[in-house]
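These protein sequence lines map, in sequence, to chains R and F.
Residue numbers for the first sequence, in our numbering: 1 to 287.
Residue numbers for the second sequence, in our numbering: 1001 to 1325.
The block underneath contains the structure these notes are about, expressed in structure tokens.
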Amino acid sequence: MAVPKIIWRIGFWLLVAFIVFMSVFPFYYAIVTSFKKPSEIFQVSYWPTSFSLENYKSVLTSGDFLRNIWNSIVVAVSVVALAMLMGITAAYALARVRFRGRGALLLIILGVSMFPQVAVLSGLFELVSGVNNFGTRILGINLSNTHWALVFSYTIFTLPFTVWVLTTFMRDLPMEIEEAAIVDGATPWQIVSKVFLPLMWPALVTTGLLAFIAAWNEFLFALTFTSSASMRTVPVGIALLSGSTQYEVPWGNIMAASVIVTLPIILLVLAFQRKIVSGLTAGGVKG
Amino acid sequence: MTAETSFSQAPPPEATRRSRLTAQRIRSAWIFLTPMMLALALVAGWPLFRNIYFSFTDASLTNLGAAQWIGFDNYYSKITLPSGREITSGLLVDPEWWRAVGNTLRFAFLSVGFETVFGLIVALVLNAEFKGRALVRAAVLVPWAIPTIVSAKIWAWMLNDQFGVINDVFLKLGLISEKVAWTASPDTAMTAVLIVDIWKTTPFMALLILAGLQMVPKDIYEAAKIDGVHPVKQFFKITLPLIWPAVMVAVIFRLLDALRIFDLIYVLTPNNAQTRTMSVAVRENLFDFDNFAYGSAQATMLFFIIALITILYITLGRVRFDGGK
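So this is what it looks like as structure tokens:
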């Protein structure tokens, strides 16, 4: 019996090692590549061979990369703030009040959050782009190639997600905390802002972080609704990063840019690990 | 309410107070919901409606306002030439579109299938108690945290035909005899996309399944151990049935995500017929080929195909989003 047990243990640790290796190797390799001298890039090496900041310098000083980071931050922060503002009152109504049509409404919200975004691409384009389109003709506003076009379109996935996760969090809070406020004659708005808001901070941080990451990573809308390089967000900027000639892919720059935009997200995710996992499962399993 | 009114003419003051309170709560609930519903109608409902409308017109990218109604022509039309020959055109008889549908379905089922198996394995590992579990869990989160475009680029670099690390390793191990153009070659493009997608999304699957695993009471296993049930049998007879609802929900979330895939394919294998999915085809027609109306028709069809798959999955799989509570 002793021998199989040892084999089990070895097998288990090999499996653990394999999982860890597979998870971190690609990012490790990107870091190694990003610190190479441009002349060494095309030699495969598994360990750091040199430490050169040339790729970083080149990606940060040439082109619009810094500007792209700024665009991403502005868009993601605005869309998360907007979704939170609308989400918390909506979540209170859905989680704490019984009314007819609540189930159907929840189903619609879940449906929109899992929506194939490409199915609204043409309609959204009509709303946010210029020349003789609905947005400009009827509403008199032209959002094309602005941050607002992205904030507007990102609402389609951040808002339903925020509402859904906050609803599951709010539903789990005990009835008693609200009852006392009702007996004291508090209005529903007071209940939300004075009773629930202070209790909801952990949930708000989780939801906000997940919505922020989703907005930070978005590609389809950002690619479609921005037309100038200076308005691009980070994912589009990286995807369209090109070298001095059409046939030369600047891998060193791309890897440096990748490391710059990914490192903060990875650190954020690791710092808020537990919260993120609870938010993901609230959105997924407990729903 | 009816019971109260039949009792006496004037209901007790306590009851009216409560029903007034309920009415007030319901009223403010709707007020609270209004901004969200308006926003969703504006960013989801209206654009979807317009998309469906465009699919019945001849709209072009440069002049959407001048779109004319042409009925079902984008979907199917038949013209009889003077010579008597019939020519059919439209989405329903477009082989390229059906190829994109096939690509999407193949990609979605393969990637979600592998992710479920790998996610299950990773979740079981993370559920075991061992030294350094927190570190392993942190490592597993890394692929999930990397933006899709960034992971597409990192893998494109690793899979590079000339300078990629994957070819280097495989050559050294003798798995391949010459360098493979993973992302460009028709034979391997889909495999490359699948590898990157599975790598990127297995953590999500693992975390959702892990949450299900952690809700399984520990004493069940102790009872099974006393009865001498083999660990493998324990897994299939106890663990799997108990976590099945969690797995089903995780699968539908991933399936819907996979069916609409765009970014990874657009960046990793551009202009490749072997990996062109529905979403990629729609965007190409809308904005690159100036077939705005035709692209809208494709998008409409994509919407209904995904809706159909979802409804089938939820009814056949009896998915419960409340986790069986």
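We treat Cβ as the ideally placed atom computed from N, Cα and C, and that holds for glycine.
With distances taken Cα to Cα, identify the nearest neighbour of residue i among the options.
| i | options | result |
| --- | --- | --- |
| A1023 of chain F | R:A17, R:R100, R:M84 | R:R100 |
| T1188 of chain F | F:G1132, F:S1089, F:N1167 | F:N1167 |
| I238 of chain R | R:I73, R:F169, R:V59, R:E248 | R:V59 |
| L107 of chain R | R:W164, R:G208, R:L14 | R:W164 |
| V195 of chain R | R:A257, R:Y92, R:F225 | R:Y92 |
| M22 of chain R | F:W1097, F:R1025, F:G1113, F:V1136 | F:V1136 |
| I1209 of chain F | F:E1115, F:A1066, F:I1149, F:D1197 | F:E1115 |
| T1310 of chain F | R:M114, R:A149, R:P250, R:L15 | R:M114 |
| V1125 of chain F | F:V1101, F:F1170, F:R1050, F:P1203 | F:P1203 |
| N142 of chain R | R:N68, R:T158, R:F157, R:F125 | R:F125 |
| K1200 of chain F | F:H1230, F:S1111, F:M1248, F:G1164 | F:S1111 |
| I31 of chain R | R:I276, R:M255, R:A271 | R:M255 |
| L1256 of chain F | F:Y1313, F:V1229, F:F1287 | F:Y1313 |
| T167 of chain R | R:R67, R:V277, R:L110 | R:L110 |
| W1097 of chain F | F:A1281, F:F1292, F:P1217 | F:A1281 |
| F1049 of chain F | F:I1176, F:T1300, F:I1305 | F:T1300 |
| V1319 of chain F | F:V1249, F:A1307, F:N1127, F:T1080 | F:V1249 |
| I276 of chain R | R:F225, R:S50, R:G208, R:T49 | R:G208 |
So, are the CB atoms of residue i and residue j less than 8 Å apart?
| i | j | result |
| --- | --- | --- |
| F1118 of chain F | V1193 of chain F | no |
| N1285 of chain F | Q1274 of chain F | no |
| V261 of chain R | V234 of chain R | yes |
| L1159 of chain F | T1183 of chain F | yes |
| A1039 of chain F | F1054 of chain F | no |
| A1206 of chain F | V1122 of chain F | yes |
| S1077 of chain F | S122 of chain R | no |
| W189 of chain R | A76 of chain R | no |
| M1215 of chain F | M86 of chain R | no |
| L1268 of chain F | W1155 of chain F | yes |
| I1238 of chain F | I1261 of chain F | no |
| F152 of chain R | M200 of chain R | no |
| N1051 of chain F | T1277 of chain F | no |
| G279 of chain R | L173 of chain R | no |
| I10 of chain R | W251 of chain R | no |
| L1264 of chain F | V269 of chain R | no |
| S62 of chain R | F35 of chain R | no |
| V79 of chain R | A1139 of chain F | no |
| V118 of chain R | R1283 of chain F | yes |
With DSSP collapsed to three states, give me the class of residue i.
| i | result |
| --- | --- |
| N1103 of chain F | helix |
| N1051 of chain F | helix |
| N1272 of chain F | coil |
| E179 of chain R | helix |
| N1063 of chain F | strand |
| T206 of chain R | helix |
| I1314 of chain F | helix |
| M1001 of chain F | Its pLDDT being 40, under 50, M1001 of chain F is placed unreliably by the model, and nothing is read from it. |
| T226 of chain R | coil |
| T89 of chain R | helix |
| T1057 of chain F | strand |
| L267 of chain R | helix |
| N142 of chain R | coil |
| S1019 of chain F | helix |
| Y247 of chain R | coil |
| E126 of chain R | helix |
| L106 of chain R | helix |
| P198 of chain R | helix |
| V97 of chain R | coil |
| T233 of chain R | coil |
| L159 of chain R | helix |
| A186 of chain R | coil |
| L241 of chain R | coil |
- request: Counting only runs of 4+ residues fully inside the segment 1-78 of chain R, write out the alpha helix (DSSP H) ranges in chain order.
  value: 2-34, 54-61
Review point. Got a sec: which bits of the segment 1138-1150 of chain F sit with their beta carbon under 9 Å from any beta carbon on chain R, in order along the chain?
Key: A1138, A1139, V1140, L1141, V1142, P1143, W1144, A1145, I1146, P1147, T1148, I1149, V1150
Compile a chain-ordered list of the residues in the segment 153-169 of chain R whose CB is closer than 8 Å to at least one CB of chain F.
S153, T155, I156, L159, P160, V163
| request: Note down, in chain order, all residues in the segment 1154-1186 of chain F with a beta-carbon under 7 Å from any beta-carbon belonging to chain R. | output: I1154, W1155, W1157, M1158, F1163, V1165, D1168
Could you list the residues in the segment 237-262 of chain R with a C-beta less than 7 Å from some C-beta on chain B, going in chain order? No chain B appears in this structure, whose protein chains are R and F.
Residues, ordered as in the chain, of the segment 187-211 of chain R that lie near chain F by beta-carbon distance below 8 Å: T187, P188, W189, V192
Please list the segments of the alpha helix (DSSP H) lying wholly inside the segment 1198-1279 of chain F, counting only runs of 4 or more residues, in order along the chain. 1219-1226, 1231-1234, 1240-1259, 1263-1268
- Query: What residues from the segment 53-76 of chain R come within 9 Å of chain F, judged by C-beta to C-beta, listed N to C?
  - Reply: none
* **Within 9 Å of chain R by C-beta, residues of the segment 1041-1070 of chain F in sequence order** => L1042, V1043, A1044, G1045, W1046, P1047, L1048, F1049, R1050, N1051, I1052, Y1053, F1054, S1055, A1059, L1061, T1062, N1063, L1064, G1065, A1066
**Asked** If you scan the segment 1067-1133 of chain F from start to end, which runs of the beta strand (DSSP E) of 3 or more residues do you find wholly inside it?
**Response** 1077-1080, 1086-1089
Exercise for the section: At 4 residues or longer, and completely inside the segment 1146-1203 of chain F: list those alpha helix (DSSP H) runs for me, N to C. Expected result: 1148-1158, 1165-1173
Could you list the residues in the segment 1276-1293 of chain F with a C-beta less than 8 Å from some C-beta on chain R, going in chain order?
M1278, S1279, V1282, R1283, L1286, F1287, F1292
- [ ] With 7 Å as the C-beta to C-beta threshold (strictly closer), list the residues of the segment 1024-1039 of chain F near chain R in chain order.
- [x] R1025, I1026, S1028, A1029, F1032, L1033, P1035, M1036, A1039
**Prompt:** Going along the segment 1074-1086 of chain F in order, which residues come within less than 9 Å of chain R, judged by CB to CB distance?
**Reply:** none
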